[in-house]
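Asks: The structure under discussion is supplied below as structure tokens; questions concerning it will follow.
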Amino acid sequence: MAQFTMGSFARWSSSMRLSVATQTRSYASKSAIPKFSSTSSPELDQLLYRFREDRFIPSGLPNQQRRNMFKEKHRQRLEDEPITVAISETEDFTLRPMRINELPTKKDAYEVLRLIAATNEWKALVPFLSGMYMSNLRLNTNRFAQIVRKASEAGKLPVIMECIRQGHRTGFHLRDLTVVQRLFYDIHILAQSADFKGPAVTKALNMAKQAVDLMDQDVETHTSLARAENPKHQPFVIGTLLELSAARAINEFGGKDQANEVLSYARKLVVSWPIVKEQGELAGGVSSASERAQQIIAVYNGLRLSLSIHGLALDNTLHDSVTACLTEAKTELESLVDTVEQTHVQESVRTILNA
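Take a look at the structure:
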């Protein structure tokens, strides 16, 4: 019996090593497993290390290697003769027995995200989300919206844009209106904080345009997305683009619409105005006053700023439409301002209305 057992073990070990040898080259070329540099927080470093060792690396292994780590029948064999595999051209990993119920959980992931924001270690966000995505720990849209808000408060919206650019790895996409609304509101706040003047406006406008381009790329890979569900057609997206392009035209070009961007966005916005009103009617009791204010603030300000652009008055129909929409938008914002639940949103609305 002993001979049989030793023979079985030898065959298993030999088979494992052969499997490793044939899989290493193809796996290493993917470079899928994220790495983390040291942060200012020992607690965050420890959590990131745990996630990488216990979740991300096992998830990146070929199926056979992963099964051998988690199957109880292989536990003793791995303990007696650990097997090392190459997970990249420069890094090895030793297979070890593991149990699923001992792995880091989604609750642990939320703690990592909290610490990233609390310690301002945003460099860890892209690799962490990449590891989460590859290990099938998926975040919901509200969590992504929260990440956008926290990053915005820290002045780290470019990190969010990088997450979105790498959406195929991070799972961070601009398909859900909750996330898109949060992002475009914070892009609006970036420019408003600079009084819609200077480099901040150009930075915000470029970010908004990049976001729309990324939406287009996303739609190309998800053709089932209906036009009405396409975030780039939402009034708050168009309104933000109008607001920022008009602000840049006023500050950099003396009110001249250099590339006819402002008038183009204005035409799109007045066409979509019925959607704005419809969203407001549907919101009654469903959407909070703060959420509604976030939807309409850039729409109002974009329409307001566009009236200062040369050439708008020459198009009587467009001018009349902009003026009418502006009046309705202002009336709604004024009705919302005293009921907005979030102080920072209320302050933003008051500032815009008093501009």
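Take any residue in the sequence shown, count from 1 to its spot, add 180: that is its number in the numbering used here.
Here a beta-carbon is modelled for each residue, glycine too, at the ideal position from N, C-alpha and C.
#1: Determine, using beta carbons only, whether Val517 and Leu533 come nearer to each other than 8 Å.
#2: From Thr299 to Ala331, what distance separates their C-alpha atoms?
#3: At what residues does the alpha helix (DSSP H) containing Ile237 begin and finish?
#4: Straight-line CA distance for Lys251 to Pro238?
#5: Who are Leu275's beta bridge partners in DSSP?
#6: Just to confirm my understanding: we take Lys436, look at its own chain, exclude 5 residues before and 5 after, and list those with CB closer than 7 Å. What are they?
#7: The alpha helix (DSSP H) spanning His254 covers which residue range?
#8: Write down the C-beta distance between Leu317 and Ile340 rounded to the nearest angstrom, noting that I regard them as a contact closer than 8 Å.
#9: Closer than 8 Å is the cut-off here; do at least three beta carbon pairs connect the segment 318-330 with the segment 344-358?
#10: Just to confirm my understanding: we take Pro214, look at its own chain, exclude 5 residues before and 5 after, and list those with CB closer than 6 Å. What are they?
#11: How would you write the range of the alpha helix (DSSP H) that Asn481 sits in, first residue to last?
#12: Going by beta carbon distance, what residues of the same chain come within less than 7 Å of Lys287, once the five residues before and after it are set aside?
#13: So for Ala289, helix, strand or coil by DSSP?
#14: If you draw a straight line from the alpha carbon of Asn155 to that of Leu224, how long is it in whole angstroms?
#15: Tell me the residue span of the alpha helix (DSSP H) that contains Leu337.
#16: Taking C-beta to C-beta, are Val442 and Ser501 nearer than 8 Å?
#17: Is the beta carbon of Val451 sitting closer than 8 Å to the one on Leu424?
#18: To which residues of the same chain is Tyr365 closer than 7 Å at the C-beta, ignoring the five residues directly before and after it?
#19: Alpha carbons only, please: which of Glu432, Gln346, Pro338 and Lys412 is nearest the one belonging to Asn386?
#20: Between Gly335 and chain D, is the shortest Cβ-Cβ distance under 8 Å, so that the two count as touching?
#21: On a CA-only basis, which of Glu291, Thr531, Ala384 and Leu492 is nearest Lys510? Give me that one, please.
#22: Could you round the C-beta distance between Val328 and Phe231 to whole angstroms and report it? I think they count as a contact, below 8 Å.
#23: Under a three-way DSSP split, which group does His348 fall into?
#24: Taking the alpha carbon of Gly335 as the reference point, which residue from Ala325, Thr358, Ala297 and Leu357 has its own alpha carbon closest?
#25: Among the residues of its own chain, which have a CB less than 8 Å from the CB of Leu295, if the five just before and after it don't count?
#26: Counting C-beta neighbours from all protein chains within 10 Å, is the total for Tyr445 16 or more, i.e. buried, or is it exposed?
#27: Would you call the CB atoms of Ala493 and Gly419 closer than 8 Å?
#28: When we look at the beta-carbon of Ala201 and count the other beta-carbons within 10 Å, is it buried (16 or more) or exposed?
#29: Report all residues from its chain with a CB closer than 6 Å to the CB of Gly347; omit the five preceding and five following residues, and keep chain order.
#30: Buried or exposed for Asp393, please, with buried defined as at least 16 other CB atoms from any protein chain shown within 10 angstroms of its CB.
#31: Would you check if the distance between the CB atom of Leu258 and the CB atom of Pro277 is smaller than 8 Å?
Replies: With the structure as the only source:
#1: In the sequence shown, the residue the question calls residue 517 occupies position 337. In the sequence shown, the residue the question calls residue 533 occupies position 353. In this structure, Leu533 lies closer than 8 Å to Val517 by Cβ.
#2: As a working mapping, residue 299 is identified with position 119 in the sequence shown. As a working mapping, residue 331 is identified with position 151 in the sequence shown. Cα to Cα, the separation comes out at about 12 Å.
#3: Here the question's residue 237 lines up with position 57 in the sequence shown. Per DSSP, Ile237 belongs to the alpha helix (DSSP H) from Ile237 to Gly240.
#4: On the sequence shown, position 71 is the one that residue 251 refers to. On the sequence shown, position 58 is the one that residue 238 refers to. Rounded to the nearest angstrom, the two C-alpha atoms are 13 Å apart.
#5: Taking the first residue of the sequence shown as position 1, residue 275 is located at position 95. In DSSP, Leu275 forms a bridge with Ile263.
#6: Numbered from 1 along the sequence shown, position 256 holds the residue referred to as residue 436. If you ignore the 5 residues before and after Lys436, its C-beta comes within less than 7 Å of the C-beta of Ala429 and His490, all in its own chain and listed in chain order.
#7: On the sequence shown, position 74 is the one that residue 254 refers to. Where His254 is concerned, there is no enclosing alpha helix (DSSP H), given that its DSSP letter is neither H nor E.
#8: As a working note, residue 317 is residue 137 in the sequence shown. As a working note, residue 340 is residue 160 in the sequence shown. About 19 Å; that fails the 8 Å criterion.
#9: They touch, by the three-pair rule.
#10: Here residue 214 refers to the residue found at position 34 when the sequence shown is read from its first residue. Taken in chain order, the residues that qualify are Pro307, Ser310 and Gly311.
#11: Here residue 481 is taken as the residue at index 301 of the sequence shown, counted from 1. Its alpha helix (DSSP H) spans residues Ala469 to Ser486.
#12: Taking the sequence shown and counting its residues from 1, one reaches residue 287 at position 107. In its own chain, leaving out the 5 sequence neighbours on each side, no residue places its CB closer than 7 Å to the CB of Lys287.
#13: By one-based count along the sequence shown, residue 289 stands at place 109. In this structure, Ala289 counts as helix in the three-state DSSP scheme.
#14: Absent from the structure is residue 155, since the part of the chain shown begins at 181 and ends at 535.
#15: Here residue 337 refers to the residue found at position 157 of the sequence shown. Leu337 -> alpha helix (DSSP H) spans Leu337 to Arg345.
#16: Locating residue 442 in the sequence shown gives position 262, counting from the first residue. Locating residue 501 in the sequence shown gives position 321, counting from the first residue. No, the Cβ-Cβ distance between Val442 and Ser501 is not below 8 Å.
#17: If you number the sequence shown from 1, residue 451 lands on position 271. If you number the sequence shown from 1, residue 424 lands on position 244. Result no, Cβ atoms of Val451 and Leu424 do not sit closer than 8 Å.
#18: Locating residue 365 in the sequence shown gives position 185, where the first residue counts as 1. Correct list, in chain order: Gln474.
#19: As a first step, residue 386 must be located in the sequence shown, where it is residue number 206. Ranking the options by Cα distance to Asn386, first place goes to Pro338.
#20: The displayed structure is made up of one protein chain only, and chain D is not part of it.
#21: For the purposes of this step, residue 510 is taken as the residue at position 330 of the sequence shown. Closest by C-alpha distance to Lys510, out of Glu291, Thr531, Ala384 and Leu492, is Thr531.
#22: Mapped onto the sequence shown, residue 328 falls at position 148. Mapped onto the sequence shown, residue 231 falls at position 51. Rounded, the Cβ-Cβ distance is 22 Å, inconsistent with contact.
#23: As a working mapping, residue 348 is identified with position 168 in the sequence shown. Residue state, collapsed to three classes: helix.
#24: Counting from one through the sequence shown, the residue named residue 335 turns up at place 155. Checking every option, the nearest Cα to that of Gly335 belongs to Ala297.
#25: Working through the sequence shown from its first residue, we reach residue 295 at position 115. Taken in chain order, the residues that qualify are Ser221, Glu223, Leu224, Leu227 and Glu301.
#26: In the sequence shown, the residue the question calls residue 445 occupies position 265. Burial call: buried.
#27: Translated into positions along the sequence shown, residue 493 becomes position 313. Translated into positions along the sequence shown, residue 419 becomes position 239. The answer is no: Cβ separation not under 8 Å.
#28: Reading the sequence shown from its first residue, position 21 is the one you call residue 201. In this prediction, Ala201 has a pLDDT of 40, which is less than 50 and means its spatial position is unreliable; nothing more can be read from the coordinates.
#29: If you number the sequence shown from 1, residue 347 lands on position 167. Here the set comprises His353.
#30: What you label residue 393 is simply residue 213 of the sequence shown in a count that begins at 1. The residue in question, Asp393, is exposed, as its Cβ has fewer than 16 Cβ neighbours within 10 Å.
#31: By 1-based counting over the sequence shown, the position of residue 258 is 78. By 1-based counting over the sequence shown, the position of residue 277 is 97. Their beta carbons are under 8 Å apart, which means Leu258 touches Pro277 by this criterion.
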